[in-house]
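By UniProt numbering, the letter at position 33 of the sequence shown is numbered 33, and the numbering carries on one by one without gaps.
Below is one structure, written out as structure tokens; the observations come after it.
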Amino acid sequence: MASKRKNLSFAEKNELIEKFQNSNLSKAAFAKANSIPRTTFNNILAAKLCSSNAQICDQERKRQRLSPYENVDKALLSWIKYARSQNAPIS
């Protein structure tokens, strides 16, 4: 029976990338030594720029989904902060 899928957090992905950079193993050998599929490890390495940007945010997150409407999100966040400072109910 196949093993269950395991989602790695950003912290775990960054740790794997650092270990790989400090080792002298090939990608396939490193992936096998850490019990992860080779293609998964290749995808982690390919997306390391995205995961390094995520160091600013929560490290426990599994995925990084960016909003296509960043300015709307910022405006909403500032409105919520203002409404909370005025003790206005938010629903």
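Heads up, the beta-carbon is just placed ideally off N, CA and C, and yes, glycines get one too.
Note that the coordinates shown come from a computational prediction; the quantities given were computed from them, not determined experimentally.
In the DSSP annotation of this structure, the continuous segment of the alpha helix (DSSP H) that includes Lys13 starts and ends at 10-22. Counting every other CB atom within 10 Å of its CB across the protein chains shown gives Ile44 a total of 16 or more, marking it as buried. Burial state of Leu16 is buried, judged by a 10 Å Cβ sphere holding 16 or more other Cβ atoms. Following the DSSP letters along the chain, one finds Arg84 inside the alpha helix (DSSP H) bounded by residues 70-85.
Sequence-distant partners of Phe20 (beyond 5 residues in either direction) whose C-beta falls short of 7 Å from its own C-beta, in its chain, are Phe30. Contact annotation: Phe41 and Lys27 have beta-carbon atoms nearer than 8 Å. Straight-line spacing of the CA atoms in Asn71 and Asn7 works out to 30 Å.
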